[in-house]
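Notes for the one structure printed next.
2 protein chains.
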Amino acid sequence: MIGTTGHDPEVSLLAVTVDLVIFTVRGDELHILVIERGNAPFLGVMALPGGYVRPGETLDEAAERELREETSLDGSALHLEQLRAYSEPERDPRGRVITVAYLALGPDMPPPVAGTDAREAVWVPVASILGGGTELAFDHATILRDALEHARSQLEHTTVAARFCPEPFTVGELRRIYEVVWGFKLDPSNFRRKMTRAEAFLEPTGEQRFPDVGRPAALYRRGSARFLVPPLLRTAASHDDARVHPG
Amino acid sequence: MIGTTGHDPEVSLLAVTVDLVIFTVRGDELHILVIERGNAPFLGVMALPGGYVRPGETLDEAAERELREETSLDGSALHLEQLRAYSEPERDPRGRVITVAYLALGPDMPPPVAGTDAREAVWVPVASILGGGTELAFDHATILRDALEHARSQLEHTTVAARFCPEPFTVGELRRIYEVVWGFKLDPSNFRRKMTRAEAFLEPTGEQRFPDVGRPAALYRRGSARFLVPPLLRTAASHDDARVHPG
DNA sequence: GCAAAAGTGTTGGCAGTACACCCATGT
DNA sequence: ACATGGGTGTACTGCCAACACTTTTGC
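Right under this line is the structure:
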């Protein structure tokens with residue numbers, strides 16, 4: 008059915024963009040990097056950073072390029088991963104544009120650069136977007152919801168949570184990442200047991216950090232493992248109460 | 008950095024295709040549907056079914072259309088899910104073509120249609136491709152590997168395995184799906200316990216099936232649940248061997 | 001024909017493990 | 001206040017045994 012001529016298929020060309028969902032943990036809230044649009048449509052509305060894929064580059068390269076432009080951090084410092092493609096014909100009022108969404112996780116970063124291009128980038132709490140306090144352009148709210156669920160799931164089975172922590176870090180800091188992303192408290196004792204028993208997840212430095220208050224905490228670096236075995240599952244029991252973000 | 012004119016961004020248009028990894032279980036082997044290419048490049052080489060995305064349709068619609076054309080089954084009978092995009096500039100020798108891969112799971116289907124278009128579709132054991140016995144065009148072998156790993160992971164956490172079974176089906180048939188896709192034996196007792204206890208996974212019909220040999224088995228239909236809680240994990244212990252009972 | 005064996009599905013029990021929950025202690 | 005460590009009861013699961021139901025085989 009493709010190519011009714013039987014010779015040259017009816018190749019339709021599409022505009023392709025990449026859009027980035029860049030998560031970080033600031034304070035006790037999950038944040039995402041958004042830009043204020045400087046052009047129509049959605050002039051002045053917040054949107055995910057992104058841009059068109061250039062002829063010679065892969066999608067991964069385009070995502071890394073956009074990430075560098077927005078955060079002035081090289082991709083090696085962050086976890087960057089393709090999410091999925093979004094292709095609703097009406098998702099962009101200018102015409103047919105499909106986008107490939109990427110998920111990026113990183114430690115709390117320096118204030119985003121705003122000088123190199125006309126767009127102003129800001130960190131916004133994810134809760135204020137999902138709660139309706141901040142609108143996102145296009146279908147970017149849908150992409151954000153998918154990215155959040157994917158990130159929450161990734162924390163169960165992989166070691167990416169450590170990418171949120173500047174090295175070296177304590178077990179308590181890593182636990183706070185889980186609590187902020189998942190939205191509920193974890194038992195410190197059980198968490199420590201699982202994390203330290205997981206093979207090649209946490210690599211002890213032998214040093215300690217002395218906080219303003221409380222017992223000193225052992226410091227760790229990221230290990231070589233990419234998967235967390237056994238996984239740390241979000242069980243039904245975990246959701247009981249103790250929401251980090253009530254209301 | 009996008010749009011050096013500051014007004015009209017340098018929009019590059021790309022050819023976009025969808026490619027389908029259609030899995031089914033035939034006998035005791037996992038099979039995939041492939042077509043023999045009728046045009047250059049890779050003339051005569053096996054490839055994943057797929058085709059160009061048309062201007063008005065979403066990627067999902069394009070994937071469903073290709074699926075219908077190749078299997079003469081509507082999408083409602085199969086599980087169809089987007090995998091990810093592949094975008095290496097050199098993946099297609101004709102020029103820049105990015106593809107979005109889809110994963111389809113379904114019961115053993117009627118012989119694929121070969122008359123409507125010039126392409127001949129055949130079921131091939133996955134093992135013969137991964138083992139090197141059958142070559143695939145483009146980067147389709149990579150896509151297949153990714154799809155297989157994704158399918159294996161999906162069986163752990165979701166109820167998609169039941170999509171391989173024509174209704175009604177027995178617990179033993181469902182267990183064989185897991186064994187074939189994962190490649191090792193499962194304990195019948197434990198498997199039954201987990202599956203029947205999972206909420207809304209298996210819906211008893213009250214009927215029985217009388218096999219050629221052995222005790223009659225209770226028949227079930229797919230329940231409404233989409234996720235399998237608690238998950239059925241591929242633990243290290245499960246990989247022991249292909250034997251049910253050691254010794 | 002009848003008994004035994006073989007093959008598959010189903011049920012239940014036992015033991016080891018993992019985890020949620022709680023408590024204790026160090027700094 | 002927080003990190004760390006340990007202990008206990010419960011739930012889950014791997015392993016195993018027994019039983020149920022049917023067909024096939026042997027005599």
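Chains A and B, in that order, give the protein sequences. Note that the numbering used here numbers the first sequence so that position 39 is 46, with each residue one more than the last. Note that the numbering used here numbers the second sequence so that position 247 is 254, with each residue one more than the last. The beta-carbon is built from N, C-alpha and C at its ideal position, and this holds for glycine as well.
For a contact meaning CB atoms closer than 7 angstroms, what does residue i contact in chain B?
i	result
T65(A)	S94, E95 and P96
R91(A)	Q89 and R91
V107(A)	A92
Checking 7 angstroms against the spacing of the C-beta atoms, do residue i and residue j come in under that value?
i	j	result
T255(B)	T106(B)	No statement about residue 255(B) is possible, as the shown extent of chain B runs from 8 to 254 and does not include it.
V28(B)	V187(B)	no
L80(B)	L110(B)	no
M53(B)	T141(B)	yes
Y185(A)	P211(A)	no
H86(B)	V167(B)	yes
V60(A)	V131(A)	no
E163(B)	L240(B)	yes
E71(B)	G63(B)	no
L112(A)	F171(A)	yes
V18(B)	A22(A)	yes
R44(B)	A144(B)	yes
W189(B)	R216(B)	no
R101(B)	D146(B)	no
A92(A)	L66(B)	yes
L20(A)	L20(B)	yes
D26(A)	L55(A)	yes
My output table needs one value for residue i: the three-state DSSP class, helix, strand or coil.
i	result
L87(B)	strand
T165(A)	strand
G34(A)	coil
E214(B)	strand
A224(A)	strand
D248(A)	Unreliable positioning characterises D248(A) in this predicted model, as indicated by a pLDDT of 41, which lies under 50. The coordinate reading is nonetheless provided below. D248(A): coil per DSSP, three-state reduction.
F176(B)	strand
G10(A)	Unreliable positioning characterises G10(A) in this predicted model, as indicated by a pLDDT of 33, which lies under 50. The coordinate reading is nonetheless provided below. If DSSP states are grouped into helix, strand and coil, G10(A) belongs with coil.
L112(A)	strand
F208(A)	coil
R98(B)	coil
R199(B)	helix
A47(A)	coil
A144(B)	coil
F191(B)	coil
L151(A)	helix
P253(B)	Residue placement at P253(B) cannot be trusted, given a pLDDT of 28 that sits under 50; what the coordinates show is reported in the next sentence. Residue state, collapsed to three classes: coil.
M241(B)	The identity of residue 241(B) in the sequence shown is Arg, whereas the question assumes Met. R241(B): coil per DSSP, three-state reduction.
F171(B)	helix
D258(A)	Nothing can be reported for residue 258(A), as the shown portion of chain A is limited to 8 through 254.
G267(A)	Outside the displayed range of chain A (8 to 254) lies residue 267(A), so it cannot be described from this structure.
S160(A)	helix
L80(B)	coil
When burial is assigned at 16 or more other CB atoms within 10 Å of the CB, is residue i buried or exposed?
i	result
T203(A)	exposed
R183(B)	buried
T242(B)	exposed
A207(A)	exposed
R200(A)	exposed
A47(B)	exposed
P253(A)	For P253(A), the pLDDT reaches just 37, beneath the cut-off of 50, and the residue's location in the model is therefore unreliable, leaving the point undetermined.
F234(B)	exposed
G57(B)	buried
D194(A)	exposed
P114(B)	buried
F176(A)	buried
R229(B)	buried
F30(A)	buried
E214(B)	exposed
A69(A)	buried
V220(B)	exposed
A134(B)	exposed
Going by the DSSP bridge assignment, what does residue i pair with across the sheet?
i	result
V107(B)	V25(B) and A92(B)
V131(B)	I39(B)
Y59(B)	T24(B)
F234(A)	T165(A)
R229(A)	L209(A)
A54(B)	I42(B)
Run through chain A and tell me which residues come within less than 9 angstroms of residue i, C-beta to C-beta.
i	result
R103(B)	P62 and G63
Starting from the beta carbon of residue i, find every residue of chain A whose beta carbon is closer than 7 angstroms, and list them in chain order.
i	result
A22(B)	V18 and L20
So which residues on chain B does residue i lean against when the C-beta distance must stay under 8 angstroms?
i	result
V52(A)	Near V52(A) there are no residues of chain B at all, since even the closest Cβ is about 17 angstroms away, more than 8 angstroms.
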